[in-house]
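Below is one structure; the comments refer to it alone.
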Amino acid sequence: MPRHPASDPVARKRLVTKTWFDGHGTGWFNTAVKILRLSLLLAVVSACAHTPVPTTAAPSDPSTDSAPLPRRDHDVGDPGRRRETDTHLNGLKRCPKVAGKPRLVAIGSSTMASVIGPMMERLLKPKDVYFALWGRASSSLVRPDFFDWPSKMPLIVKKHRPHVFVISLGTNDNQALKLHRGGAIRPEDPRWAVHFAKRVDEMLELAVGPGRDRGVIWVGPYAIKGDASRVIGSRINTIIKERIDAFPGPAFYVDAYTATLDAAGKPITSYTPVGTDKVVDARGNDGIHLKTVVVKELLTLPALDLAWDCLGIPKS
């Protein structure tokens, strides 16, 4: 769209030039007047060239200005390195304002059902927060034939009316993706990533609601040893993180995958709990599942840091 001359420095110069030289005349007097006008014109042009064009700031959204922005200030891991689980925040996203008693619902697979969820319940109890846990071992987004999370979401919302969802899904998604119309797509097929991303988007939409009036904190899958898990796990982590980044709503990501890699980029096998110098095994006897202290410090507490802020609850 053409700019109005009054707001365009170049057009403004042309407008001034046209206005001052429209008149006609003869004789020495007219020549003197033109010289005077030219001098004044040069002064005006010089001033315009050094005057910045004002810009209008974008209006703020009153529906989000009153809500707190989640922080990422929980240092975990080796005291020497001061590891921090990346909560992958988008500074433009803010949690909806909570009215009444804070309500949090945690959903996910066995990691949520048996470890993260019970930890959260204990830590939330002194805060007087309504808490509900929905967990299903071995559940994922790629196997709706086994357990279909999207179909359960309306019931969960209706029953518990959460202000915030904490989701822990992705660990069991390193397998063929079942299509609703029948058939399956192997992880090595490029279409797998497209369909998986759509299912992440669907969960985010269902979790925040049509009015974007619920916050979502997604705890990503942690790193597991093995070549297949290394490739597919990293891919799943990247897809979830990117979809949350692109999502136009109050959704935040706890990057557990990166937090459970060592300096060489391999899944951690040992861990130094916060406040100690003692190195402990990071995983259980199966070499896969993380020890309780690791889950607490690298997954649960970073998620709760976000939950405190989303729910408007002081941490102390």
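For the sequence shown, the working numbering gives the first residue as 26, with consecutive numbering after it.
Here a beta-carbon is modelled for each residue, glycine too, at the ideal position from N, C-alpha and C.
Measure the beta-carbon distance from residue i to residue j and round it to whole angstroms, keeping in mind my assumption that it falls under 8 Å.
i	j	result
ALA328	LYS316	The Cβ separation is near 17 Å, so there is no contact.
ALA248	THR285	4 Å
LEU204	SER165	Contact doesn't hold; Cβ gap of about 14 Å is too wide.
ILE210	LEU324	About 29 Å separates the two Cβ atoms, so there is no contact after all.
ILE261	ASP198	5 Å
VAL154	LEU129	6 Å
Let me know if residue i comes out buried or exposed under the rule of 16 or more other beta-carbons within 10 Å of its beta-carbon.
i	result
GLY245	buried
ASP287	exposed
ARG39	Since pLDDT at ARG39 reaches only 35, below the 50 mark, its modelled position is unreliable, and the value read off the structure follows with that caveat. Exposed.
LYS266	buried
VAL319	buried
ALA131	buried
ASP280	buried
SER134	buried
GLY258	buried
VAL191	buried
ALA138	buried
ALA124	exposed
LYS118	buried
ALA271	exposed
SER163	exposed
LYS340	exposed
In chain order, what residues of the same chain have a beta carbon less than 6 Å from the beta carbon of residue i, not counting five sequence neighbours either side?
i	result
ARG168	LYS203
ARG216	ILE210
ARG161	PHE172
LYS152	ILE338
Going by beta carbon distance, what residues of the same chain come within less than 7 Å of residue i, once the five residues before and after it are set aside?
i	result
LEU231	PRO175 and MET178
LEU148	LEU329
ASP238	PRO121
HIS220	LEU202 and ILE210
GLU146	PHE156 and LEU158
Does the separation of the CB atoms of residue i and residue j fall below 8 Å?
i	j	result
GLY350	HIS188	In the structure as shown, the chain starts at 26 and stops at 341, and residue 350 therefore has no counterpart that could be examined.
LEU331	ILE264	no
THR136	THR196	yes
ILE338	PRO143	no
GLY290	VAL233	no
LYS250	GLY312	yes
HIS185	ALA218	no
Where do the N-terminal and C-terminal ends of the beta strand (DSSP E) with residue i fall, by residue?
i	result
SER193	189-193
ARG237	Unbroken run through ARG237: none, as it is neither H nor E.
ARG255	Element bounds for ARG255: not the beta strand (DSSP E) but the alpha helix (DSSP H), 252-271.
LEU158	155-160
LEU323	No beta strand (DSSP E) contains LEU323, which DSSP labels as neither H nor E.
VAL129	The question names Val, but residue 129 in the sequence shown is Leu. Segment 128-133, the beta strand (DSSP E) holding LEU129.
What residue range is occupied by the uninterrupted alpha helix (DSSP H) comprising residue i?
i	result
PHE171	Segment: none, PHE171 is in no alpha helix (DSSP H) and carries neither H nor E.
PHE221	215-233
ILE141	Neither: ILE141 is in no alpha helix (DSSP H) and is coded neither H nor E.
TYR282	281-284
Only counting the same chain, and skipping five residues up and downstream in sequence, which positions put a Cβ closer than 8 Å to that of residue i?
i	result
ARG268	ALA222, VAL225, ASP226 and LEU229
GLN200	SER165, VAL167, ARG168 and PRO212
LEU295	Position check: residue 295 holds Ser in this sequence, whereas Leu was assumed. So the qualifying residues of the chain are VAL304, VAL305, ASP306 and ALA307.
LYS183	none
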